[in-house]
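Scroll down for the structure; my scribbles are underneath it.
2 protein chains.
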Amino acid sequence: MRARMRMGQAGWWCGRIRDCGYRMTLPRQALLDVLSRTDKHMSADEIYFALNKYYPNTGLATVYRNLEMLFKAGFVSKLDFGDGRSRYEIIRGPKGVNHHHHLVCTGCGAVIDYTDFINEEVELLNKTQKALSKKYGFNITDHFIQFSGLCNKCKNKKGTQNAGI
Amino acid sequence: MRARMRMGQAGWWCGRIRDCGYRMTLPRQALLDVLSRTDKHMSADEIYFALNKYYPNTGLATVYRNLEMLFKAGFVSKLDFGDGRSRYEIIRGPKGVNHHHHLVCTGCGAVIDYTDFINEEVELLNKTQKALSKKYGFNITDHFIQFSGLCNKCKNKKGTQNAGI
DNA sequence: TATTTATTGATAATGATTATCATTATTATT
DNA sequence: AATAATAATGATAATCATTATCAATAAATA
Numbered sequence: 037m038r039a040r041m042r043m044g045q046a047g048w049w050c051g052r053i054r055d056c057g058y059r060m061t062l063p064r065q066a067l068l069d070v071l072s073r074t075d076k077h078m079s080a081d082e083i084y085f086a087l088n089k090y091y092p093n094t095g096l097a098t099v100y101r102n103l104e105m106l107f108k109a110g111f112v113s114k115l116d117f118g119d120g121r122s123r124y125e126i127i128r129g130p131k132g133v134n135h136h137h138h139l140v141c142t143g144c145g146a147v148i149d150y151t152d153f154i155n156e157e158v159e160l161l162n163k164t165q166k167a168l169s170k171k172y173g174f175n176i177t178d179h180f181i182q183f184s185g186l187c188n189k190c191k192n193k194k195g196t197q198n199a200g201i
Numbered sequence: 037m038r039a040r041m042r043m044g045q046a047g048w049w050c051g052r053i054r055d056c057g058y059r060m061t062l063p064r065q066a067l068l069d070v071l072s073r074t075d076k077h078m079s080a081d082e083i084y085f086a087l088n089k090y091y092p093n094t095g096l097a098t099v100y101r102n103l104e105m106l107f108k109a110g111f112v113s114k115l116d117f118g119d120g121r122s123r124y125e126i127i128r129g130p131k132g133v134n135h136h137h138h139l140v141c142t143g144c145g146a147v148i149d150y151t152d153f154i155n156e157e158v159e160l161l162n163k164t165q166k167a168l169s170k171k172y173g174f175n176i177t178d179h180f181i182q183f184s185g186l187c188n189k190c191k192n193k194k195g196t197q198n199a200g201i
């Protein structure tokens with residue numbers, strides 16, 4: 037069952053990747069598998085290590101190359117939470133589009149994906165997007181929303197720790 | 037007139053800086069002056085060069101240090117437009133709070149600050165902020181909104197150029 | 001199967017940011 | 001105003017994420 041599911045996913049990815057004029061390779065597939073299974077916002081480095089646990093000898097450069105490719109093709113988004121490295125997450129995959137916004141703790145760096153309230157937000161955003169497109173002549177394809185502040189733990193502490201991003 | 041204005045601004049900054057427990061210094065004042073006069077989103081490097089034109093021998097490290105300090109104190113925001121370097125802009129100064137959102141061209145990197153539609157956005161954002169605060173126990177202090185797509189020039193071209201950020 | 005070409009892994013190079021440290025400037029104290 | 005305490009500076013070395021290079025390999029095509 038799981039095997040079938042994964043086969044199906046692999047097939048979907050293979051199709052999309054080839055649509056874009058690229059080839060499906062083992063490292064590429066492994067990276068997509070790692071990225072598909074996590075709900076974290078992983079850095080290239082973290083993906084590199086996760087990958088090498090079950091698929092050794094994948095180069096770090098390959099990880100960067102593929103992330104950049106997937107980003108430019110619009111499958112993956114590249115996020116900056118201010119810790120000096122980019123973080124990645126799948127936004128368009130076999131299961132459809134995964135759209136959410138972020139809530140970031142400036143104390144410990146924790147990031148929460150929220151999908152609540154998105155509908156209302158999206159309605160206004162679409163309106164704004166249309167108006168901006170018209171006024172500035174842009175062809176707007178994406179938006180990015182993020183709230184930041186102190187999480188439950190951090191708002192009562194003086195020092196800051198580091199939580200899972 | 038301009039001199040008086042600048043004096044006034046310097047005084048305001050001096051007060052705020054000292055409120056935060058820091059000292060007002062010449063390089064710090066010069067940096068604030070550069071940042072106050074531009075409507076661009078300057079990188080540390082660009083600020084460093086602009087600064088050295090009329091106030092030589094300011095070190096690059098000093099620029100970084102002060103930008104970080106101003107950022108942490110909430111006077112300056114630190115932006116990532118995906119070109120590998122942070123960019124800065126004053127958000128709270130002698131003239132008040134300068135709140136706007138960004139429209140970024142993924143083709144040439146051009147950034148437009150827009151304030152249109154912000155009122156409507158802010159209303160919804162406040163509502164969302166409240167709901168998020170409650171649900172996730174956050175003390176939310178800031179938000180960040182950005183639209184991206186292709187600008188007028190880029191949407192008809194194949195290759196991409198580099199415009200002023 | 002042979003050929004073409006994208007992709008890979010290893011590693012060097014780049015470039016932004018941070019850390020170090022002796023010196024200087026600012027503030028508080030006398 | 002002189003002095004002491006300490007924050008800030010400038011120069012530069014160190015760090016670290018990301019990119020470029022290049023020979024070897026794997027995937028697509030004929």
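Top line first, the protein sequences correspond to chains A and B.
Sequential numbering of the first sequence, starting at 37, is according to the numbering used here.
Sequential numbering of the second sequence, starting at 37, is according to the numbering used here.
C-beta atoms are modelled at their ideal positions from N, C-alpha and C, and glycine is treated no differently.
- Against chain B, the CB of A/PHE111 has no partner CB under 8 Å away; the residue lies outside that interface.
- About 6 Å separates the beta carbon of B/MET78 from that of B/ARG123, a gap short enough to meet the 8 Å contact definition.
- Counting C-beta atoms within 10 angstroms of its own C-beta, B/PHE85 has fewer than 16 neighbours from the protein chains shown and is therefore classed as exposed.
- Every alpha helix (DSSP H) of 4 residues or more that sits fully in the region 53 to 131 of chain A is shown, in chain order, as 62 to 73, 80 to 90, 96 to 108.
- A/ASP152 has no beta-bridge partner at all, per DSSP.
- For A/ASN188, the nearest CB of chain B lies under 8 Å from its own CB, placing it at the interface with that chain.
- Shown here for A/GLN45: same chain residues with a beta carbon closer than 7 Å to its own, the five before and five after excluded, namely SER72, PRO130 in chain order.
- For the 8 Å CB-CB criterion, B/PHE174 and A/GLY185 form a contact.
- A straight-line Cα-Cα distance of about 28 Å links B/TRP49 and A/GLY120.
- Look at B/THR164 here: in three-state DSSP terms it is helix.
- Shown here, B/ASN192 sits in a helix according to DSSP, grouped into three states.
- Within the same chain, Cβ atoms closer than 7 Å to the Cβ of B/LYS114 are found at PHE107, SER122, TYR124, the five residues on either side in sequence being excluded.
- Counting only residues of its own chain and dropping the five nearest sequence neighbours on each side, B/ASN88 has a CB closer than 7 Å to the CB of THR94.
- At the C-beta level, B/HIS135 and B/ILE154 come within 8 Å of one another.
- Residues of chain B with a Cβ closer than 9 Å to the Cβ of A/LYS166 do not exist, since the nearest Cβ in that chain sits about 10 Å away.
- A Cβ of chain B is located within less than 8 Å of the beta carbon of A/THR177.
- Taking a contact as a CB-CB distance under 8 Å, the pair B/ILE181 and A/ILE176 does not count as one, their CB atoms being some 12 Å apart.
- Of the candidates A/VAL140, A/TYR100, A/LYS166, the residue whose Cα lies closest to the Cα of A/ASN188 is A/VAL140.
- When the beta-carbon positions are compared, A/ILE53 and A/LEU67 stay at least 8 Å from each other.
- Closer than 8 Å at the C-beta level to chain B, one finds no residue of the region 59 to 81 of chain A.
- Spanning the alpha carbons of A/LEU62 and A/LEU103 requires a straight line of approximately 14 Å.
- Taking each of B/LEU161, B/PHE183, B/LYS171, B/LEU160 in turn and checking the Cα distance to A/LYS166, the smallest one comes out for B/PHE183.
- By DSSP's assignment, B/GLY185 forms a beta bridge with A/ILE176, B/CYS141.
- Classified as buried, B/GLU157 has 16 or more neighbouring CB atoms from the shown chains inside 10 Å of its CB.
- For A/GLU125, there are no C-beta contacts with chain B under 7 Å, since the nearest C-beta of that chain is about 15 Å from it.
- Interface flag for B/LYS171 against chain A is set, since a Cβ pair is found closer than 8 Å.
- By the rule that beta-carbons nearer than 8 Å mark a contact, B/LEU106 does not touch chain A.
- Within the same chain, ALA109 come within 6 Å of B/CYS56 by CB-CB distance, once the 5 residues on both sides are set aside.
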